[in-house]
Amino acid sequence: MELPIYLDNNATTPLDPRVLEVMLPYLTSKFGNAASRNHAFGWVAEEGVDYAREQAAKLIGCADKEIIFTSGATEADNLGIKGVFEMYHEKGNHIITATTEHKAVLDTCKHLEKLGARVTYLKVKEDGLIDLAELEAAMTEQTILVTIMYGNNEIGVVQPIKEISAIAHKYGALFMTDATQAVGKIPVDVNADGIDLMAFSAHKMYGPKGVGVLYVRRKNPRVKVTAQMDGGGHERGMRSGTLNVPGIVGLGKACELCRLEMDEEAKRLSALRNKLESALGEMEESYVNGNTEHRLPHVSNISFKYVEGEGLMMAMKDLAVSSGSACTSASLEPSYVLKSLGLSDDLAHSSIRFGLGRFTTEEEIDYAIENTKKAVDHLRNLSPLWEMFKEGIDLSKIEWAEH
Amino acid sequence: MAYSEKVMEHYTNPRNVGTLDKNSKSVGTGLVGAPECGDVMRLQIEVDENNVITDAKFKTFGCGSAIASSSLATEWLKGKTVDEAMTIDNMDIVEELALPPVKIHCSVLAEDAIKSAINDYRVKNGMAPIELAKSHH
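These protein sequence lines are chains R and D, in that order.
According to this note's numbering, the stretch in the first sequence is residues 40 to 442, in order.
According to this note's numbering, the stretch in the second sequence is residues 2 to 138, in order.
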């Protein structure tokens, strides 16, 4: 076992060597521009792209032509939301999303508010799921788009996508989902799920960074988005720019591997995750954040009360994890996702996200359990709050000095 | 963000972790920060009849820089007179630990903890508390 151990697979995943292998020729001999129609170099590149498009389409149950390659999920989110807003502005200006979305969705919505959009940010319940009745109550004739993420990047909860899309469609709105954390991890089928637009990215599923997909439905209904990048009219005019051929080929292979290995991999990962979670859950004052039934198989978000997340991560120095603590961000505000669940600031500061992946072994999980327990104990020995808790002092009754 | 060697060193081997008897007249206790803000420091000093700090202890809930700042503060306090301790400035801590700008608030908190402990000691022993500048918050 090599240290440090990578348990931050919701941030990014390592490139699978099998993916790298198929990419390499496209970085060397097969360097052509996929848009070059008049010579073999272009044809070879185009063939690679076409095959990748099929592989991606097969994973999510759509047609090849419905796959629009982008630079990643952030661009796909931008293109989907802004593109729908521009294309359908005559029909209405209302967009519905949720407070726990990724910034790529939230900040895009905020941008559109400046341009005349009205945006509803649905709150989530304590378990991180949206309230379907609240969604339905928010729908109006002006609603053109409902965009709700598939699986959450911080806590892993999986939203009731079929029910959400049914409500959107009942009121004549399109349904989009940022499925970056879900595609390749759990079965996602755009037809069964009623998805009209969907963003995802290669580097979250053992593919390369810098390449993603916006799925855009072509039938029932035929969805159109206004291009956000002007130029040579690539990707059916929706996304100009020379195609990232090696990246796209890698994305295709990554999709194929996920499709073939997903069932067994999800079982293996959820077993490891549950082992980690139950061992750490035995510790006093530790809490699992988010719904534990409807969630991705590979992520666990746990708050260890009375220790601060960044300090804790320093003690877990052989583990690469992430925290909802303010200290890990520039803003000094703890995770807005955890706060949306109604978690108090101090519990949000105390959270650690464990993200397991394809290359995580049981030996690593055993090590992670021991290492985390030791780190929590070490930090609690240093914590005045832990000492006060142990003395039976009610911390909420203390008047803390603002600073 | 990578931590400086000195932060790592204090964090890994924190000095003077512990608790003094807060009810003792010779002990001053400072508790600063707030759990919602992600850092709370408790710093205690024990002062002898010559106004010299003979012992200092801390416990901190916070990031590595907050823990290192309070550990360093206790190290500096021991052997100083109370008056000398009053002159410890947060920028001395920033310099010693090579704290980056986003971590300066950790050093401010440590300075506040020192002053708050001194004031607790003063009040306990019939002296007026020293007015504390709050400008750097």
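Note that beta-carbon positions come from the ideal geometry of N, C-alpha and C, so glycine has one too.
The model shown is predicted, which means the values in this text are computed figures rather than measured ones.
For residue i and residue j, I'd like the C-alpha separation in whole angstroms.
| i | j | result |
| --- | --- | --- |
| residue 35 of chain D | residue 378 of chain R | 17 Å |
| residue 126 of chain R | residue 118 of chain R | 11 Å |
| residue 290 of chain R | residue 52 of chain R | 13 Å |
| residue 326 of chain R | residue 90 of chain R | 45 Å |
| residue 242 of chain R | residue 116 of chain D | 50 Å |
| residue 292 of chain R | residue 283 of chain R | 14 Å |
| residue 203 of chain R | residue 160 of chain R | 14 Å |
| residue 14 of chain D | residue 440 of chain R | 28 Å |
| residue 57 of chain D | residue 143 of chain R | 48 Å |
| residue 126 of chain D | residue 75 of chain D | 21 Å |
| residue 163 of chain R | residue 349 of chain R | 26 Å |
| residue 421 of chain R | residue 343 of chain R | 14 Å |
| residue 68 of chain R | residue 81 of chain R | 12 Å |
| residue 43 of chain D | residue 199 of chain R | 46 Å |
| residue 245 of chain R | residue 95 of chain R | 14 Å |
| residue 345 of chain R | residue 364 of chain R | 12 Å |
| residue 137 of chain D | residue 433 of chain R | In this prediction, residue 137 of chain D scores a pLDDT of 46, lower than 50, which makes its location untrustworthy; no coordinate-derived value is stated. |
| residue 388 of chain R | residue 360 of chain R | 14 Å |
| residue 16 of chain D | residue 42 of chain R | 28 Å |
| residue 128 of chain D | residue 40 of chain D | 29 Å |
| residue 270 of chain R | residue 108 of chain R | 15 Å |
| residue 66 of chain R | residue 285 of chain R | 6 Å |
| residue 224 of chain R | residue 305 of chain R | 7 Å |
| residue 205 of chain R | residue 233 of chain R | 7 Å |
| residue 1 of chain D | residue 113 of chain D | Residue 1 of chain D lies beyond the residue range present for chain D, which begins at 2 and ends at 138; the question has no answer from this structure. |
| residue 66 of chain D | residue 104 of chain D | 7 Å |
| residue 58 of chain R | residue 429 of chain R | 52 Å |
| residue 77 of chain R | residue 407 of chain R | 55 Å |
| residue 79 of chain D | residue 118 of chain D | 13 Å |
| residue 317 of chain R | residue 172 of chain R | 33 Å |
| residue 129 of chain R | residue 380 of chain R | 35 Å |
| residue 71 of chain R | residue 287 of chain R | 13 Å |
| residue 411 of chain R | residue 62 of chain D | 17 Å |
In chain order, what residues of the same chain have a beta carbon less than 6 Å from the beta carbon of residue i, not counting five sequence neighbours either side?
| i | result |
| --- | --- |
| residue 87 of chain D | none |
| residue 414 of chain R | 351, 354, 355 |
| residue 386 of chain R | 342 |
| residue 1 of chain R | Only positions 40 to 442 of chain R appear in this structure, which leaves residue 1 of chain R out of reach. |
| residue 82 of chain D | 52, 53 |
| residue 122 of chain D | 29, 48 |
| residue 92 of chain R | 103, 106 |
| residue 309 of chain R | 336 |
Apart from the five residues on each side of it in sequence, which residues of its chain come closer than 8 Å, Cβ to Cβ, to residue i?
| i | result |
| --- | --- |
| residue 195 of chain R | 49, 220, 329, 334, 335, 337, 338, 339, 340 |
| residue 49 of chain D | 27, 55 |
| residue 312 of chain R | 336, 337, 338, 339, 393, 395 |
| residue 136 of chain R | 144, 145, 148, 158, 159, 160, 161, 185, 186, 187 |
| residue 23 of chain D | 30, 45 |
| residue 426 of chain R | none |
| residue 25 of chain D | 47 |
| residue 120 of chain D | 29, 31, 130, 131, 133 |
| residue 403 of chain R | 40, 44, 46 |
Which one or two residues does DSSP pair with residue i in a beta bridge?
| i | result |
| --- | --- |
| residue 391 of chain R | R:341, R:362 |
| residue 106 of chain R | R:254 |
| residue 190 of chain R | R:197 |
| residue 217 of chain R | R:238 |
| residue 54 of chain R | DSSP, once it has assigned bridges, lists no residue as partnering residue 54 of chain R. |
| residue 59 of chain R | None, per the DSSP bridge assignment. |
| residue 18 of chain D | D:59 |
| residue 135 of chain R | R:159, R:185 |
| residue 325 of chain R | R:343 |
| residue 222 of chain R | R:225 |
Which same chain residues, not among the five before or five after residue i, have their C-beta less than 7 Å away from its C-beta?
| i | result |
| --- | --- |
| residue 276 of chain R | 266 |
| residue 111 of chain R | 240, 249, 250, 251 |
| residue 279 of chain R | 266, 268, 269, 270, 271, 272, 273 |
| residue 5 of chain D | 98, 99 |
| residue 235 of chain R | 213, 214, 215, 256, 262 |
| residue 418 of chain R | 346, 350, 351, 354 |
| residue 121 of chain R | 147, 151, 267 |
Pairing CB atoms from the stretch 206-214 of chain R with CB atoms from the stretch 140-160 of chain R, are three or more of them under 8 Å? no
Under 8 Å, with one C-beta from each stretch per pair, do the stretch 65-82 of chain D and the stretch 101-116 of chain D reach the 3-pair mark? Remark: three or more beta-carbon pairs, one from each stretch, lie closer than 8 Å, so the stretch 65-82 of chain D and the stretch 101-116 of chain D are flagged as touching.
Scan the stretch 29-90 of chain D and note each continuous alpha helix (DSSP H) run of 4 residues or more that stays entirely inside, going in chain order. The stretch 29-90 of chain D is shown to contain whole alpha helix (DSSP H) runs of 4 or more residues at 65-78, 83-87, in chain order.
In chain order, which continuous runs of the alpha helix (DSSP H) of length 4 or greater are located wholly inside the stretch 64-99 of chain R? 79-99
Could I get the ranges of all uninterrupted alpha helix (DSSP H) runs contained in the stretch 139-182 of chain R, with 4 residues as the minimum, in chain order? 142-153, 171-177
Which runs of the beta strand (DSSP E) spanning at least 3 residues fall entirely within the stretch 238-316 of chain R, listed in chain order? 251-255
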